[in-house]
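Heads up: the structure comes next, in structure tokens.
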Amino acid sequence: MDKAKIDAITETLLEPGRNVQKEYELKRAIKAKQVARQSKVAWFMLSGSAILTVAAYVTGQRLIQGFVWGGIVGALLGWLYTRRSAA
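Residue numbers (the numbering used here): 30 to 116.
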């Protein structure tokens with residue numbers, strides 16, 4: 030057998046494995062991007078909770094209410110931020 034035939038057979042045998050590897054790498058990259066986005070949203074949520082908890086304390090409102098609303102507002106802002114930066 031000549032080298033061209035050997036290369037063709039080798040390429041045919043290895044091609045399915047390469048396709049599986051590419052799919053795996055693509056899925057892993059997508060998952061990493063999702064985790065990074067979720068992490069950013071979590072930081073926004075935590076920051077919003079802290080800010081509105083302090084604001085509730087200063088204004089004499091209930092701290093839990095400030096914490097919850099801060100988390101909601103922070104999550105919304107984080108979601109909007111990550112959607113805008115992804116586009």
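For every residue, glycine included, the Cβ atom is placed at its ideal position computed from N, Cα and C.
With 16 other Cβ atoms within 10 Å as the buried cut-off, status of residue i
i     : result
Thr82 : buried
Val70 : buried
Met74 : buried
Gly46 : exposed
Gly89 : exposed
Residue interval of the alpha helix (DSSP H) (run including residue i)
i     : result
Arg47 : 32-88
Test item: CB-CB of residue i and residue j under 8 angstroms
i     : j      : result
Gly77 : Leu42  : no
Ala85 : Leu92  : yes
Arg66 : Thr111 : yes
Gly99 : Ile80  : yes
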